[in-house]
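Student: The sequence shown lines up with residues 64 to 562 when you count with this note's numbering.
Glycine included, each C-beta is placed from N, C-alpha and C at the ideal position.
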Amino acid sequence: MNNQPKAVIIGAGVSGLATANFLAKNGYEVEVYEKNSNPGGRCAQKIQDGHRFDLGATILLMPSLYKQVLSELGIDLEKDLETTSLTPIYKLFFSDGSHFSFTRDEERMKAQLEAFEPGSFPKYKVYAKEGYEYFNLAMNDLLGKNFDRLFQFVNLKSIRLLIKLKTHLHHTDYIKRYFSDPRLQKAFTFQNIYVGQNPYEAPAFFSMLPGAEIAEGALFPKGGMNRIVQTLVALAEKQKVKIHCKAPVEKIILNGKKAEGILLEDGTIVHADLVIASADLPYVYDQLLHDKQKTRSLKKKEYSCSAIVFHWGLDRVYPQLDHHSVFLNDPYKEGLEKIFNEKSLSDNPSFYIHAPVRSDKTAAPENQDTLSVIVPAAHLDERADQDWKALKQKAREAVIRRLEEAGLTDIEKHIKFEICYLPKTWESSCNVTNGSVFGSLSHSIFQMGYFRPHNQHKKYKNLYFAGGSTHPGNGVPLVLLGAKLTSERILKDAKAMVQ
Numbered sequence: 064m065n066n067q068p069k070a071v072i073i074g075a076g077v078s079g080l081a082t083a084n085f086l087a088k089n090g091y092e093v094e095v096y097e098k099n100s101n102p103g104g105r106c107a108q109k110i111q112d113g114h115r116f117d118l119g120a121t122i123l124l125m126p127s128l129y130k131q132v133l134s135e136l137g138i139d140l141e142k143d144l145e146t147t148s149l150t151p152i153y154k155l156f157f158s159d160g161s162h163f164s165f166t167r168d169e170e171r172m173k174a175q176l177e178a179f180e181p182g183s184f185p186k187y188k189v190y191a192k193e194g195y196e197y198f199n200l201a202m203n204d205l206l207g208k209n210f211d212r213l214f215q216f217v218n219l220k221s222i223r224l225l226i227k228l229k230t231h232l233h234h235t236d237y238i239k240r241y242f243s244d245p246r247l248q249k250a251f252t253f254q255n256i257y258v259g260q261n262p263y264e265a266p267a268f269f270s271m272l273p274g275a276e277i278a279e280g281a282l283f284p285k286g287g288m289n290r291i292v293q294t295l296v297a298l299a300e301k302q303k304v305k306i307h308c309k310a311p312v313e314k315i316i317l318n319g320k321k322a323e324g325i326l327l328e329d330g331t332i333v334h335a336d337l338v339i340a341s342a343d344l345p346y347v348y349d350q351l352l353h354d355k356q357k358t359r360s361l362k363k364k365e366y367s368c369s370a371i372v373f374h375w376g377l378d379r380v381y382p383q384l385d386h387h388s389v390f391l392n393d394p395y396k397e398g399l400e401k402i403f404n405e406k407s408l409s410d411n412p413s414f415y416i417h418a419p420v421r422s423d424k425t426a427a428p429e430n431q432d433t434l435s436v437i438v439p440a441a442h443l444d445e446r447a448d449q450d451w452k453a454l455k456q457k458a459r460e461a462v463i464r465r466l467e468e469a470g471l472t473d474i475e476k477h478i479k480f481e482i483c484y485l486p487k488t489w490e491s492s493c494n495v496t497n498g499s500v501f502g503s504l505s506h507s508i509f510q511m512g513y514f515r516p517h518n519q520h521k522k523y524k525n526l527y528f529a530g531g532s533t534h535p536g537n538g539v540p541l542v543l544l545g546a547k548l549t550s551e552r553i554l555k556d557a558k559a560m561v562q
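(1) When DSSP builds the beta bridges, which residues end up paired with Thr-147?
(2) Per DSSP, which one or two residues make a beta bridge with Phe-528?
(3) In the DSSP output, what is Thr-433 paired with across the bridge?
(4) Evaluate contact between the segment 306-324 and the segment 95-104, counting only Cβ atoms and requiring at least three cross-stretch pairs below 8 Å.
(5) Tell me which residue opens and which closes the beta strand (DSSP E) that Ile-110 is part of.
(6) Classify Gly-324 as helix, strand or coil using the three-state DSSP reduction.
(7) Under the DSSP definition of a beta bridge, which residues are partnered with Phe-163?
(8) Which residue's Cα is closest to the Cα of Ser-503: Lys-479, Arg-105, Gly-137 and Thr-235?
(9) Compute the Euclidean distance between the alpha carbons of Ile-339 and Gly-324, then round it to the nearest angstrom.
(10) Between which residues of its own chain and Leu-466 is the CB-CB distance below 7 Å, once the five residues before and five after are set aside?
(11) What residue ranges within the segment 449-486 form continuous alpha helix (DSSP H) runs of no fewer than 4 residues, ordered along the chain?
(12) Would you call Asp-159 buried or exposed, if buried means 16 or more other Cβ atoms sit within 10 Å of its Cβ?
(13) Taking Cβ to Cβ, would you say Ile-152 is nearer than 8 Å to Ala-250?
(14) Tell me whether His-353 is buried or exposed, calling it buried when 16 or more other Cβ atoms sit within 10 Å of its Cβ.
(15) I think Leu-272 touches Gln-254, with their Cβ atoms under 8 Å apart; what is that distance to the nearest whole Å?
(16) Run through DSSP, which three-state label would Gly-103 get?
(17) Under 8 Å, with one C-beta from each stretch per pair, do the segment 79-86 and the segment 546-561 reach the 3-pair mark?
(18) For Tyr-257 versus Gly-76, is the C-beta distance shorter than 8 Å?
(19) Under the criterion of a Cβ to heavy atom distance below 7 Å, does Leu-526 qualify as lining the ligand ATP?
(20) Can at least three beta-carbon pairs, one atom from the segment 234-247 and one from the segment 374-386, be found at a separation below 8 Å?
(21) Distance check for Tyr-197 and Phe-268, CA to CA, integer angstroms please.
(22) Is Val-333 helix, strand or coil by DSSP?
(23) Cβ of Val-389 within 8 Å of Cβ of Phe-85?
(24) Nearest to Asn-246 by alpha carbon, out of Ala-174, Val-71, Lys-285 and Ser-161?
(25) Check whether the Cβ atoms of Ala-529 and Ser-367 lie closer than 8 Å to each other.
(26) Looking at C-alpha atoms only, which residue of Ile-277, Ala-447, Pro-68 and His-534 is the closest neighbour of Ser-164?
(27) If the criterion is Cβ atoms closer than 8 Å, does the pair Ala-275 and Leu-124 meet it?
(28) Since I believe Asp-343 is in contact with Thr-496 (beta carbons under 8 Å), could you give me their beta-carbon distance rounded to a whole number of angstroms?
(29) Would you kindly work out how many angstroms separate the C-alpha atoms of His-114 and Pro-428, rounded to a whole number?
(30) Can you tell me whether His-506 is buried or exposed, with buried defined as 16 or more other CB within 10 angstroms of its CB?
(31) Return the CA-CA distance between Cys-493 and Ala-370, expressed in angstroms with no decimal places.
(32) Measure the alpha-carbon distance for Ala-335 versus Ala-70 and round it to whole angstroms.
(33) Report the CB separation of Phe-480 from Asp-117 in whole angstroms; it is logged as a contact under 8 Å.
(34) What is the residue span of the beta strand (DSSP E) that Leu-391 lies within?
(35) Under 6 Å Cβ to Cβ from Asn-525, same chain only, skipping five residues before and after it: list those, please.
(36) On the premise that His-417 lies in contact with Met-149, defined as a C-beta separation below 8 Å, what is that separation, rounded to the nearest angstrom?
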């Protein structure tokens with residue numbers, strides 16, 4: 064007779080797979096149900112004609128967080144993922160024709176900074192040091208632990224922490240203390256887009272993003288970011304976790320104050336001792352729990368932006384591009400306002416390009432290139448006039464025009480094929496609310512810590528949540544950390560039940 068407690072997990076993205084491994088390691092029988100044909104969620108991969116594309120994240124940031132979480136599962140980051148350190152982390156292109164390599168090489172960084180703005184290197188050192196201090200403070204006291212009660216978060220210590228983290232300042236105002244050159248101001252604040260934020264509205268403590276990049280660097284796994292998914296799947300199979308793909312969930316079965324299991328779309332009922340929903344949280348409350356009150360509440364929250372993504376297979380390589388090339392185009396601030404305020408797209412949008420062949424030759428056939436062009440765009444908003452066919456065309460024309468200006472004059476005729484993802488694609492393929500691919504709920508200060516949706520249901524105590532829209536937040540490293548926190552809560556609750 065099997066006395067193992069059974070856990071059912073909805074969604075085989077990074078959060079679902081990591082949670083499955085933590086629970087299996089601690090003696091749970093685990094089954095994972097995934098709607099798509101392969102695991103991965105927003106960290107999935109597509110291969111066409113020998114060209115390999117990461118569909119979501121394209122860069123491994125905050126390696127210390129990955130190491131912290133993966134090492135507890137027995138995964139060695141450098142060895143098991145065969146990571147390469149990106150040097151530079153990315154190359155920035157500005158509208159005036161200048162460019163800037165964002166690198167950890169101090170001598171190279173000093174030469175670039177002083178050429179842009181004499182006297183800026185010492186200020187950069189202070190900014191980077193403080194940013195990394197914010198990172199460590201945030202991880203230790205804000206993001207890296209579970210909150211059970213409001214007063215664990217709202218107290219004098221936390222208020223002092225929030226002041227110290229400069230949550231009262233916008234990042235773009237804070238950066239002016241260090242740099243007066245507009246290009247450098249952009250170079251050290253655009254990283255807010257990683258989590259779908261507008262740097263002109265995001266709190267200053269998000270200087271922890273460039274701060275962590277400078278302190279820890281950025282990595283790229285051999286085979287792309289989906290290597291993380293593949294590694295988690297291999298470990299799960301080793302621990303006898305059952306992963307069911309092409310198995311969409313219809314609803315979570317509730318009875319009294321408990322979740323009893325899940326109902327699949329094909330009518331199959333799966334009973335369980337606990338349910339972990341790692342699908343996007345607003346989707347879970349709306350479609351799987353049919354909780355109208357909570358759904359209305361979540362709809363009022365701030366959502367991150369989305370993206371129009373062009374995946375191109377090219378028949379030649381363009382040496383002008385680095386592994387990551389970021390085009391910060393003027394008018395820059397107005398472009399961000401178009402996205403976040405008008406829910407549209409400017410005529411000259413900023414974008415970045417992922418060219419993995421620079422670090423991993425297996426990403427394309429020999430002497431060919433694999434490019435993913437990510438154009439930050441508005442999320443889906445039924446109140447806005449959004450013609451996505453027209454917006455897609457506008458984005459594509461703007462990207463081609465800007466690349467031609469940068470010397471890639473014949474790029475369009477070398478595109479063998481194109482795959483395009485729009486916000487609607489993300490909404491339908493990954494159940495991401497509003498197509499907010501960077502993680503649906505944004506990281507405003509009142510959507511973090513205790514104020515972010517919790518990883519356990521208030522009424523159904525054996526129903527837990529994981530993923531970007533729960534505590535601690537979105538982005539692959541935080542999603543991994545969130546899986547660890549959710550698992551710790553489950554194990555703590557199980558221990559309390561037997562005492």
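Tutor: Let me spell this out:
(1) Phe-283
(2) Ala-340
(3) Gly-376, per the DSSP bridge assignment.
(4) yes
(5) Taken as a continuous stretch (DSSP letters only), the beta strand (DSSP E) holding Ile-110 covers 108-111.
(6) Strand.
(7) Leu-155.
(8) Arg-105
(9) Looking at the backbone, the Cα of Ile-339 and that of Gly-324 are separated by about 10 Å.
(10) Ile-474
(11) With a minimum length of 4 residues, the continuous alpha helix (DSSP H) runs that stay inside the segment 449-486 are 451-468.
(12) exposed
(13) No; because the gap between Cβ atoms is not below 8 Å, this pair is not in contact.
(14) Per the 10 Å Cβ criterion, exposed.
(15) 4 Å
(16) strand
(17) Put simply, the segment 79-86 touches the segment 546-561. At least three CB pairs are less than 8 Å apart.
(18) no
(19) With respect to the ligand ATP, the structure shown offers nothing to examine, as it has no ligands at all.
(20) no
(21) 6 Å
(22) strand
(23) no
(24) Per the sequence presented here, residue 246 reads as Arg, with Asn not at that position. Out of Ala-174, Val-71, Lys-285 and Ser-161, Ser-161 has the C-alpha closest to the C-alpha of Arg-246.
(25) Taking the C-beta atoms as reference points, Ser-367 is found no nearer than 8 Å to Ala-529.
(26) Ile-277
(27) yes
(28) 5 Å
(29) Near 7 Å, if we compare the C-alpha coordinates of Pro-428 and His-114.
(30) His-506 comes out buried.
(31) 14 Å
(32) Going by the C-alpha atoms only, they are around 6 Å apart.
(33) With a Cβ gap of about 17 Å, Phe-480 and Asp-117 do not count as contacting.
(34) 387-391
(35) Lys-321, Ala-322 and Leu-337
(36) The sequence as given places Leu at residue 149; Met does not occur at that position. Contact flag wrong, Cβ pair sits at about 11 Å.
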